[in-house]
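Asker: Protein chains in written order, with the working numbering: chain S, 263 to 414; chain F, 263 to 414. Idealized CB from N, CA, C, for every residue including glycine. The structure is given below, and queries will be raised subsequently.
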DNA sequence: CCACTTCTCCCCACTTTTCCCCACATTGGT
DNA sequence: ACCAATGTGGGGAAAAGTGGGGAGAAGTGG
């Protein structure tokens, strides 16, 4: 049993082969475990959650009132888009076609660690997103770091 | 046990070899520890944080909500741009290619100590930056000091 | 109900990259 | 001038990423 929640960091360029298989970066394998969950993420990427984190997300969504239109819509996409993944002997998973389409994944993908989750992006989608985001990176950084940073 | 946070100072000219390895200045090794973290810093340089300092940054970002677009973008860049580093027997680390590209590092680098963190610069980038900064050194000083605070 | 096609999964093999170790060059101090 | 410590380079073992073939399961049509 591992009580400490895994922290995923780093960027990895990988590729999906003709059979729809994607090798999970070795550094993420231990944290994700043998069996984990993939679903439609925000901003046209895929989220990969380890079992424990998946439970959390699930619990969080379950607490939303059924009456909220947006909550319903989000839950539907989140769960309908989900998929249980299992690593094969080479450390790869199969990404179902509907997830590949959602994320615009054909061959070249970027796998990134974002704290408690792993994200999978189509290469071009990621380049566009990250380029745009970098523009405001320093701006936000200054706010966050000077705001609540070293002191306090 | 060293409770006192390390203070890094000084400038060192080092080089990255063909395999992407960079020798950490001996004076920084104790302060950084055997295992530490590298991230995309501000102004096109890399930050190296000792474990404790990294934890602080991480904790700060963990509290940001997933629902905020800007927060998501920042978390992604921060964690995707991060990397766990470990000193080899010669006191070197491996700098992943995406970090080298970000900082414009090819061979000649400058490693500087800035209080609680260590920074790694591409040589040319550093020369340009420091030259420019030196010109306005006094100017900046006046702003900071007479202003009475860091912001505005 | 049976035969065929299709898809999935598992295993093996190859290529590339990463990591670890040893050896040399250079610097600074005694 | 010698020794010690630091910075630099390279070679070899191990691991990671990638690709392809074949057995088995599932879906389809006769």
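If you compare alpha carbons, which of S:306, S:400, S:295 is closest to residue 316 (chain S)?
Answerer: Ranking the options by Cα distance to residue 316 (chain S), first place goes to S:295.
Asker: Looking at chain F, is there any beta carbon in it that lies within less than 8 Å of the beta carbon of residue 382 (chain S)?
Answerer: Output row for residue 382 (chain S): interface = no.
Asker: How would you list, in chain order, the residues of chain F whose beta-carbon sits under 9 Å from the beta-carbon of residue 293 (chain S)?
Answerer: Those do not exist, as residue 293 (chain S) stays about 12 Å from chain F at its closest Cβ, beyond 9 Å.
Asker: Is it the case that the stretch 335-343 of chain S contacts the stretch 269-287 of chain S, given that we only count it when at least three CB pairs across the two stretches are under 8 Å?
Answerer: Flag = no, the stretch 269-287 of chain S and the stretch 335-343 of chain S do not touch.
Asker: Please give the ranges of any alpha helix (DSSP H) in the stretch 304-352 of chain S, keeping only runs that are unbroken, at least 4 residues long and fully inside the region.
Answerer: Counting only runs of 4 or more, we get 313-324, 331-342.
Asker: If you draw a straight line from the C-alpha of residue 343 (chain S) to the C-alpha of residue 364 (chain S), how long is it?
Answerer: Cα-Cα distance, rounded: 9 Å.
Asker: Evaluate contact between the stretch 266-273 of chain F and the stretch 286-301 of chain F, counting only Cβ atoms and requiring at least three cross-stretch pairs below 8 Å.
Answerer: Segments in contact, yes.
Asker: Along the stretch 346-369 of chain F, where does the CB come closer than 8 Å to a CB of chain S? Name the residues.
Answerer: Under the 8 Å Cβ criterion, the stretch 346-369 of chain F contributes 346, 358, 360.
Asker: Classify residue 425 (chain F) as helix, strand or coil using the three-state DSSP reduction.
Answerer: This structure cannot speak to residue 425 (chain F), because chain F is shown only from 263 to 414.
Asker: Which residue comes first and which comes last in the beta strand (DSSP E) that contains residue 384 (chain F)?
Answerer: Counting along the chain, the beta strand (DSSP E) containing residue 384 (chain F) begins and ends at 379-384.
Asker: Looking only at its own chain, which residues have a Cβ that is under 6 Å from the Cβ of residue 345 (chain F), when we skip the five neighbours before and after it?
Answerer: So the list reads 300, 358, once near-sequence residues are dropped.
Asker: Kindly indicate if chain S contains any beta-carbon less than 8 Å away from that of residue 342 (chain F).
Answerer: Yes, residue 342 (chain F) counts as interfacial toward chain S.
Asker: May I ask which residues mark the beginning and end of the beta strand (DSSP E) holding residue 272 (chain F)?
Answerer: It spans 270-277 - the beta strand (DSSP E) in which residue 272 (chain F) sits, taken as one unbroken run.
Asker: In terms of residue numbering, what span does the alpha helix (DSSP H) encompassing residue 288 (chain S) cover?
Answerer: Residue 288 (chain S) -> alpha helix (DSSP H) spans 288-294.
Asker: Report yes if the CB atom of residue 366 (chain F) is closer than 8 Å to the CB atom of residue 387 (chain F), and no otherwise.
Answerer: Against a cut-off of 8 Å, the Cβ pair of residue 387 (chain F) and residue 366 (chain F) comes out as a contact.
Asker: Of the choices F:278, F:268, F:319, whose alpha-carbon is the least far from that of residue 368 (chain F)?
Answerer: Of the candidates F:278, F:268, F:319, the one whose C-alpha sits nearest the C-alpha of residue 368 (chain F) is F:278.
Asker: I'd like to check one pair, residue 383 (chain F) with residue 372 (chain F): are the Cβ atoms closer than 8 Å?
Answerer: Going by C-beta atoms, residue 372 (chain F) is nearer than 8 Å to residue 383 (chain F).
Asker: Tell me which same chain residues have a C-beta within less than 7 Å of the C-beta of residue 312 (chain F), skipping the five on either side of it?
Answerer: The residues are 268, 293, 294, 295, 298.
Asker: Would DSSP call residue 394 (chain S) helix, strand or coil?
Answerer: DSSP places residue 394 (chain S) in helix when its eight states are reduced to three.
Asker: List the residues of chain F that residue 272 (chain S) touches, going by C-beta distances under 9 Å, in chain order.
Answerer: Correct list: 341, 342, 343, 344, 345, 346, 358, 360.
Asker: I'd like to know if residue 314 (chain F) contacts chain S, where contact means its C-beta is closer than 8 Å to some C-beta of that chain.
Answerer: Closer than 8 Å: no.
Asker: Among S:286, S:306, S:370, whose alpha-carbon lies nearest the alpha-carbon of residue 360 (chain S)?
Answerer: Measuring from the Cα of residue 360 (chain S), the nearest candidate turns out to be S:306.
Asker: Please classify residue 302 (chain S): is it buried, with 16 or more other beta-carbons within 10 angstroms of its beta-carbon, or exposed?
Answerer: By the 10 Å Cβ count, residue 302 (chain S) comes out buried.
Asker: For residue 399 (chain S), count the other beta carbons within 10 Å of its own beta carbon; 16 or more makes it buried, fewer makes it exposed. Which is it?
Answerer: Classification of residue 399 (chain S): buried, given that the 10 Å Cβ count is 16 or more.
Asker: Indicate whether at least one CB of chain F lies closer than 8 Å to the CB of residue 402 (chain S).
Answerer: Output row for residue 402 (chain S): interface = yes.
Asker: Can you check whether the C-beta of residue 391 (chain F) is within less than 8 Å of a C-beta belonging to chain S?
Answerer: Chain S, which has no Cβ nearer than 8 Å to the Cβ of residue 391 (chain F), makes this no.
Asker: Quick check: is the beta carbon of residue 324 (chain F) nearer than 8 Å to any beta carbon in chain S?
Answerer: Yes - at least one Cβ of chain S is within 8 Å of the one on residue 324 (chain F).
Asker: Give a yes or no on whether 8 Å exceeds the smallest Cβ distance from residue 277 (chain S) to chain F.
Answerer: No - not a single Cβ of chain F is within 8 Å of the one on residue 277 (chain S).
Asker: Would you say residue 406 (chain F) reaches chain S, if we count a Cβ-Cβ gap shorter than 8 Å as a contact?
Answerer: Not an interface residue.
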